[in-house]
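Scroll down for the structure; my scribbles are underneath it.
4 protein chains.
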Amino acid sequence: MGLSHFVYPGACHSRFHHALGALHLVTRSIHVLRNKGIEISDEEFEAVCIAILLHDVGHGPFSHTLEKKIVPFHHETISLEIMKRLNQEFDGGLKLAIKIFENSYHRIFFHQLVSSQLDMDRMDYLNRDSFFTGVVEGKVGYDRIISMINVVDDKMVIEEKALYSVEKFFLARIMMYWQVYLHKTAISAEQMLKRVFELVFEKGLEPQFLSKQLFEMLVIFPKEGIEVACSEIIDKFTLLDDHDIWYSLKNLVYSKDKATSFLCNSLLHRNLFRIEFSKEAVNSDLEKQIRQKISHHFKVNEGEAAKLMITGIESNQAYTTAQEEILILKKTGQIIPFSELSENLINTKVMVKHFLCYPRI
Amino acid sequence: MGLSHFVYPGACHSRFHHALGALHLVTRSIHVLRNKGIEISDEEFEAVCIAILLHDVGHGPFSHTLEKKIVPFHHETISLEIMKRLNQEFDGGLKLAIKIFENSYHRIFFHQLVSSQLDMDRMDYLNRDSFFTGVVEGKVGYDRIISMINVVDDKMVIEEKALYSVEKFFLARIMMYWQVYLHKTAISAEQMLKRVFELVFEKGLEPQFLSKQLFEMLVIFPKEGIEVACSEIIDKFTLLDDHDIWYSLKNLVYSKDKATSFLCNSLLHRNLFRIEFSKEAVNSDLEKQIRQKISHHFKVNEGEAAKLMITGIESNQAYTTAQEEILILKKTGQIIPFSELSENLINTKVMVKHFLCYPRI
Amino acid sequence: MGLSHFVYPGACHSRFHHALGALHLVTRSIHVLRNKGIEISDEEFEAVCIAILLHDVGHGPFSHTLEKKIVPFHHETISLEIMKRLNQEFDGGLKLAIKIFENSYHRIFFHQLVSSQLDMDRMDYLNRDSFFTGVVEGKVGYDRIISMINVVDDKMVIEEKALYSVEKFFLARIMMYWQVYLHKTAISAEQMLKRVFELVFEKGLEPQFLSKQLFEMLVIFPKEGIEVACSEIIDKFTLLDDHDIWYSLKNLVYSKDKATSFLCNSLLHRNLFRIEFSKEAVNSDLEKQIRQKISHHFKVNEGEAAKLMITGIESNQAYTTAQEEILILKKTGQIIPFSELSENLINTKVMVKHFLCYPRI
Amino acid sequence: MGLSHFVYPGACHSRFHHALGALHLVTRSIHVLRNKGIEISDEEFEAVCIAILLHDVGHGPFSHTLEKKIVPFHHETISLEIMKRLNQEFDGGLKLAIKIFENSYHRIFFHQLVSSQLDMDRMDYLNRDSFFTGVVEGKVGYDRIISMINVVDDKMVIEEKALYSVEKFFLARIMMYWQVYLHKTAISAEQMLKRVFELVFEKGLEPQFLSKQLFEMLVIFPKEGIEVACSEIIDKFTLLDDHDIWYSLKNLVYSKDKATSFLCNSLLHRNLFRIEFSKEAVNSDLEKQIRQKISHHFKVNEGEAAKLMITGIESNQAYTTAQEEILILKKTGQIIPFSELSENLINTKVMVKHFLCYPRI
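One line per chain: the protein sequences are Z, H, Y and S, in this order. Under the numbering used here, the first residue of the first sequence is numbered 5, with each subsequent residue one higher. Under the numbering used here, the first residue of the second sequence is numbered 5, with each subsequent residue one higher. Under the numbering used here, the first residue of the third sequence is numbered 5, with each subsequent residue one higher. Under the numbering used here, the first residue of the fourth sequence is numbered 5, with each subsequent residue one higher.
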């Protein structure tokens with residue numbers, strides 16, 4: 005959950021918990037499907053279990069927050085690379101799991117259990133994050149939804165009886181989005197952390213203030229125009245964990261770059277930047293005004309001041325679209341897209357918010 | 005919950021539980037408000053507690069289902085009558101509670117805690133019914149909402165931070181409405197029970213098949229054109245409980261009226277009528293066709309057959325409108341109606357469903 | 005739970021809930037055992053499910069409280085009789101279930117799941133009663149225990165890892181015993197109810213104050229020296245439910261027997277008798293003294309007064325002994341009785357308490 | 005919880021959570037006591053809140069496991085030192101809190117809420133650890149116990165009604181002791197970690213494999229015969245956190261000391277040592293035999309082998325004795341020590357277990 009514990013101190017759960025939880029939900033789903041007469045071989049069962057267990061294994065420290073900041077690959081690319089290595093180690097034992105993960109297996113409902121609008125990944129993390137943050141609006145009745153999963157022509161469908169539960173699931177997602185994942189204080193903290201790593205490159209690496217493992221990773225991070233294969237960085241990458249980041253933050257306080265030092269100090273003492281949201285892009289006059297204020301307050305030039313000002317955009321788009329629509333199985337046997345059947349209790353429109361983030365001065 | 009336990013067997017909680025629960029929420033609300041500096045005297049505190057504790061005391065057996073079927077008054081009228089009696093018994097001790105209940109006290113937030121869009125009555129029953137039915141979609145994060153209650157100019161307002169929680173509250177209400185309160189099987193059972201009591205009058209009371217207490221109540225139920233005051237029936241009414249209804253159903257199986265006997269038998273053995281919903285009023289041709297089918301199957305004339313056929317209409321209107329809008333208190337101190345501030349995540353339009361109910365033949 | 009709701013108002017759960025819950029635990033146990041390689045045929049599975057589902061079906065209104073007071077048979081005798089009838093109705097379909105219930109099936113672990121020191125019956129009711137009363141000390145970690153069940157030579161054993169969980173189970177039982185099942189207020193209420201039914205016989209039945217179904221049952225209740233078979237009373241018995249008792253209590257208020265009327269009134273208004281516990285049997289001088297006080301207060305003779313005074317004895321014996329000891333399966337494969345392995349964290353000695361119960365005058 | 009997450013992966017909660025939880029329980033206790041008419045000034049209330057909030061602030065990384073291994077003081081000594089510093093910073097604002105913490109305030113129930121047989125510290129950590137490990141046997145009904153706290157002559161007493169809840173509390177403590185705090189696998193991990201830090205000193209510090217903050221702490225750790233005041237090390241100490249330990253373990257894998265490297269590698273890959281418990285001290289023949297086995301397997305001399313062999317003793321003594329007995333307040337007003345009133349359902353004798361810990365070879 006990135007730095008959400010700065011807002012929700014209970015959010016101490018780990019990716020390991022999530023992997024176990026998602027695995028649990030997949031085994032329950034398979035159990036339900038077998039009871040409904042869907043033929044699932046033991047090999048397929050094992051493969052989908054491996055796929056869900058490893059789906060997030062490529063995440064690095066602070067997951068989405070530092071994604072592509074310390075390693076130039078998307079986490080799914082790295083997950084796949086790790087699976088391939090394990091596949092060699094286990095003499096081809098992950099072959100089917102990899103096909104399911106890549107969605108190249110013909111029975112696509114296995115992939116849909118791992119990754120789709122209503123996959124076990126989301127079902128677990130929404131519930132888990134809701135539980136550990138205490139944001140009850142994000143709770144999902146997964147029991148009910150899972151017992152209503154079915155398969156027709158190797159595609160996942162949801163039985164009509166669970167229609168309301170699916171609507172509620174969409175609301176839970178929206179609620180978690182605005183109340184947790186995009187909570188303004190959490191975004192502020194995450195933007196500050198990202199900025200630290202941008203500055204670390206900009207300034208030039210200072211090995212004495214970085215954990216050894218992190219330094220060795222960053223030093224091979226590809227410069228513009230130079231390509232590197234995922235397989236080349238994987239050994240360095242898998243040595244990293246959150247301790248390397250925190251250890252480095254504790255030491256980068258002594259960085260010769262003032263902005264870096266200021267950001268690290270602020271993060272360690274939870275002096276988070278002010279953050280303002282707006283529907284429109286941030287006005288350049290306002291930006292300038294704040295830059296000058298920073299410059300004046302810290303007695304630095306405007307270039308330095310700009311390092312402590314972060315603008316950007318957040319949206320719930322990633323959460324609300326992209327994937328194929330959920331299919332509903334009517335009692336009559338008919339299969340109908342969710343949107344045609346829904347009473348549209350939930351408004352799922354995409355929302356966009358611009359933000360401006362700077363020290364509280 | 006009427007006959008909802010026919011659908012949700014866990015729904016065994018009682019009105020007593022609800023009264024205690026709503027009282028608990030009111031005491032928490034008062035605690036929150038006092039901590040925010042709202043002056044509330046001990047007398048006012050006691051009065052609002054009495055008001056919430058007794059707000060449903062006028063409900064008879066099977067509450068809404070038999071409302072106005074065995075006694076010709078709305079339950080709130082009877083609640084008020086009972087409060088007045090208690091007020092005499094306690095030498096005027098309920099005077100302020102009655103004013104709050106009737107909404108004639110000038111600090112109207114007390115009445116709003118007892119009865120409004122976001123009152124403690126609903127907050128308790130939605131959560132309680134959600135818990136005991138297992139319909140998790142109806143769960144309300146009351147902790148959060150209560151801690152965000154405030155009072156401005158003696159009116160209840162909700163602080164802006166709880167905006168999402170209020171949205172979720174509306175969805176919970178809609179979800180409980182369609183999945184529980186208006187669940188088709190529960191409606192079928194309740195319509196059958198109502199019909200029994202219509203037939204009991206139509207046929208003429210058979211004292212040997214009614215509980216003594218119920219007979220004495222029904223015999224003074226006013227005929228057309230004859231008025232009776234609530235105070236006149238209250239002594240008979242308060243002797244009634246669910247046992248009288250079930251005892252009578254067990255014995256009305258021997259009624260000389262075939263339809264009554266059939267309905268009671270069906271209810272006791274949970275052979276509930278088929279029920280069909282439609283967006284339009286039931287077609288008279290269909291009605292006729294079914295009446296003939298019943299007539300044929302049971303070898304009775306069409307008049308008798310009509311007794312076993314029930315049509316009507318259900319809507320979530322009562323749940324969604326009527327009361328004044330929720331007011332939101334912004335951080336700036338401004339007060340704005342909920343609808344102007346909401347991102348309209350929830351669609352709260354009124355829906356109407358017609359139904360037709362008849363034996364499974 | 006008899007009249008425990010007079011003490012714990014939340015205790016509104018029913019025998020139906022318990023039957024479903026115990027069934028659930030049995031299916032989980034079977035699932036665990038099959039996963040451990042124990043061969044269990046589908047016929048056996050179905051049979052043990054039927055056995056647990058019906059194990060309490062012979063309980064009448066207010067279960068243990070009125071056991072043998074309104075029908076002269078133990079509830080297990082009646083359960084068996086009802087199973088036999090169902091067996092006829094279902095063409096021998098309950099044959100194996102009956103063998104399991106009677107413990108005449110050679111694979112005795114099936115019977116042990118239904119009835120033994122660690123059966124699914126107790127596992128469900130301890131947890132359920134703990135939950136609904138709020139007495140958290142009675143909570144049992146059934147998940148853990150069930151996952152540690154095993155079978156050796158067709159006998160149920162518990163794997164050593166669950167040793168602490170079994171100790172805790174014993175404490176839960178003791179805690180529920182003293183805090184709930186033998187709570188002094190609940191005993192007072194139950195003794196009053198029992199006394200009503202003793203007086204109903206003593207005085208001679210008054211049909212006008214009894215529910216019809218109850219009257220027809222009591223009138224054939226065997227007098228001294230006359231035998232009646234369980235099969236002869238079963239039709240009358242199965243028509244009875246709690247409504248008959250409450251209905252009768254409401255009307256026995258008008259009984260010509262003063263003591264009966266007083267007891268019923270007291271029960272209906274929850275004016276429960278004072279109850280005193282002692283380690284020794286009640287002193288006859290004290291008894292006499294109280295009898296005289298009652299006689300004086302109510303202006304009745306000492307014979308009448310004695311009707312309002314109840315003495316007796318309660319013990320946790322039934323809960324703590326009787327059945328064969330739990331067997332523990334060590335990692336080495338050795339099987340050892342629980343008592344030899346336990347560190348005796350819990351003191352399970354039998355305790356006995358005498359009581360004296362009379363009106364608060 | 006030290007390294008318990010190696011056994012119970014859910015145990016991810018932090019000392020911060022515990023501090024907030026214990027604070028919450030103290031505020032509830034004060035609320036209960038004020039409602040019972042005990043005079044408690046706002047200054048006293050604030051002071052006891054500060055005392056509980058800071059009672060554990062002197063714990064370092066891995067709390068009890070590394071206590072006195074990286075700093076030569078007990079955590080309570082350090083907590084006190086930190087409170088004194090804060091007291092200066094806040095111009096004497098923690099004066100009363102410090103008196104309560106040191107038990108020099110005359111109203112000793114405040115200290116008892118923070119530290120005694122039934123303090124809010126234990127009440128929180130037993131429940132919290134039970135929840136996060138899933139060991140349900142450790143759950144404590146704190147609601148009930150807290151509502152039964154009272155104060156007589158400025159001493160804490162528990163009202164008689166909570167007698168069973170106190171018995172259950174003792175069992176919870178025993179259960180958590182054996183199932184969690186002294187779980188064999190957790191002890192193995194913790195002993196390994198302790199041994200690492202013993203070897204780090206033995207070998208001589210290798211700064212290149214330690215976090216900077218840890219190195220600076222260890223380098224001033226007093227040698228035999230040299231004293232150092234707590235106030236002198238506090239600045240170094242408060243810079244330490246778990247990240248320093250993990251970072252160092254990751255790097256000590258490259259230590260020139262083979263045993264250190266082996267232990268760190270084993271901890272990082274969760275290859276935990278085998279551990280054997282016995283009632284008697286470990287037999288020296290057995291010790292020798294295992295030392296030789298290690299020596300042979302790793303091809304090292306017996307001195308090196310001994311580094312990988314850990315013996316010791318664990319007992320629940322610390323949990324079961326030491327502090328003054330709980331006092332029970334009878335309805336009559338009499339005050340009686342718990343042990344005289346208890347029915348001794350729980351056996352609280354001290355148990356001692358010797359252990360022997362070595363690589364799985």
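The beta carbon of each residue, even a glycine, is placed where N, CA and C say it ideally should be. Quantities reported herein were computed from a predicted structural model and do not represent experimental measurements.
* Name the two residues that bound the continuous alpha helix (DSSP H) containing Z/Thr-336. => Neither: Z/Thr-336 is in no alpha helix (DSSP H) and is coded neither H nor E.
* Residue-level contact to chain Z via CB, H/Leu-349, 8 Å cutoff -> yes
* To do: Would you list, in chain order, the members of the segment 118-134 of chain S that have their beta-carbon closer than 8 Å to a beta-carbon of chain Y?
  => none
* Are the C-beta atoms of S/Lys-247 and some chain Z residue less than 8 Å apart? -> Note that residue 247 of chain S is His in the sequence shown, not Lys. Yes - at least one Cβ of chain Z is within 8 Å of the one on S/His-247.
* CB of Z/Leu-175 within 8 Å of CB of H/Leu-349, strictly -> yes
* Given 8 Å, three or more beta-carbon pairs between the segment 354-362 of chain H and the segment 308-316 of chain H -> yes
* Under 7 Å Cβ-Cβ, which residues of chain H neighbour Z/Glu-141? -> Gly-145, Tyr-168, Ser-169, Lys-172
* Continuous alpha helix (DSSP H) assignments of at least 4 residues falling wholly in the segment 88-132 of chain Z -> 99-106, 113-118
* Asked: With a CB to CB cut of under 6 Å and the five nearest residues on each side skipped, what residues in its chain are close to Z/Thr-248?
  -> Note that residue 248 of chain Z is Asp in the sequence shown, not Thr. Counting only Cβ-Cβ distances below 6 Å, and skipping sequence neighbours, we find Ser-215, Gln-217, Leu-218.
* **Straight-line Cα distance separating H/Lys-357 from H/Gly-142** => 21 Å
* To do: Could you tell me whether the segment 80-87 of chain S touches the segment 53-63 of chain S, where touching means 3 or more Cβ pairs closer than 8 Å?
  => yes
* To do: Have a look at H/Pro-13, H/Ser-18, H/Gly-14 and flag the residue whose alpha-carbon is nearest the alpha-carbon of H/Asp-246.
  => H/Ser-18
* Asked: Within 10 angstroms of its Cβ, does H/Glu-47 collect 16 or more other Cβ (buried), or is it exposed?
  -> exposed
* Asked: If the cut is a Cβ gap below 8 Å, which residues of chain S does Z/Gly-64 touch?
  -> In chain order: nothing, as chain S lies at least about 15 Å away.
* Asked: Just checking my contact of Y/Ile-365 with Y/Lys-297 at CB under 8 Å: how many whole Å lie between their CB atoms?
  -> 6 Å
* Asked: In terms of residues, what are the limits of the alpha helix (DSSP H) holding H/His-300?
  -> 288-302
* **Beta-carbon separation (whole angstroms), Y/Ile-162 vs Y/Leu-37, contact threshold 8 Å** => Y/Ile-162 to Y/Leu-37, Cβ: 12 Å. No contact.
* Taking Z/Lys-353 as the reference, which of Z/Arg-274, Z/Leu-222, Z/Glu-236, Z/Tyr-181 has the closest Cα? -> Z/Tyr-181
* Asked: What does DSSP give as the partner residues of H/Asn-358 in its beta bridges?
  -> Per the sequence shown, the amino acid found at residue 358 of chain H is His instead of Asn. The partner list for H/His-358 (beta bridge, DSSP) reads H/Ser-282, H/Ile-317.
* To do: Only counting runs of 3 or more residues, tell me where the beta strand (DSSP E) segments fall wholly within the segment 197-283 of chain H, in order along the chain.
  => 278-282
* Cβ contact check for the segment 101-114 of chain Z and the segment 144-158 of chain Z: 3 or more pairs under 8 Å -> yes
* Is it the case that the Cβ atoms of S/Val-118 and S/Met-221 are separated by a distance below 8 Å? -> no
* Going by the CB atoms, is the gap between S/Leu-57 and S/Leu-167 shorter than 8 Å? -> no
* Asked: How many Å lie between Z/Lys-262 and S/Val-204 at the Cα?
  -> 35 Å
* Inter-residue spacing [alpha-carbon to alpha-carbon] between Y/Arg-274 and Y/Phe-135 -> 24 Å
* **Beta-carbon spacing of Z/Ala-193, Z/Phe-77 below 8 Å** => no
* Report yes if the C-beta distance between S/Leu-70 and S/Phe-201 is below 8 Å; otherwise report no. => yes
* **Contacting residues, own chain, Cβ-Cβ under 6 Å from S/Leu-29 (five flanking each side not counted)** => Met-124, Met-127, Asp-128
* To do: Would you kindly work out how many angstroms separate the C-alpha atoms of Y/Gln-183 and Y/Val-139, rounded to a whole number?
  => 8 Å
* Asked: Since H/Glu-308 is in the beta strand (DSSP E), which residue starts that stretch and which ends it?
  -> Unbroken run through H/Glu-308 is the alpha helix (DSSP H), 306-311; no beta strand (DSSP E).
* Asked: Which chain S residues are close to Z/Cys-16, counting only those with a beta carbon under 7 Å from its beta carbon?
  -> Cys-16, His-17, Ser-18
* To do: With a threshold of 16 other CB atoms inside 10 Å of the CB of S/Thr-336, please say whether the residue is buried or exposed.
  => exposed
* So what does DSSP say about S/Glu-5, is it helix, strand or coil? -> In the sequence as displayed, the identity of residue 5 of chain S is Met instead of Glu. In this structure, S/Met-5 counts as coil in the three-state DSSP scheme.
* For chain Z, is any of its Cβ atoms less than 8 Å away from the one on H/Leu-186? -> no
* Of the choices H/Asp-239, H/Asn-154, H/Thr-189, whose alpha-carbon is the least far from that of H/Lys-40? -> H/Asn-154
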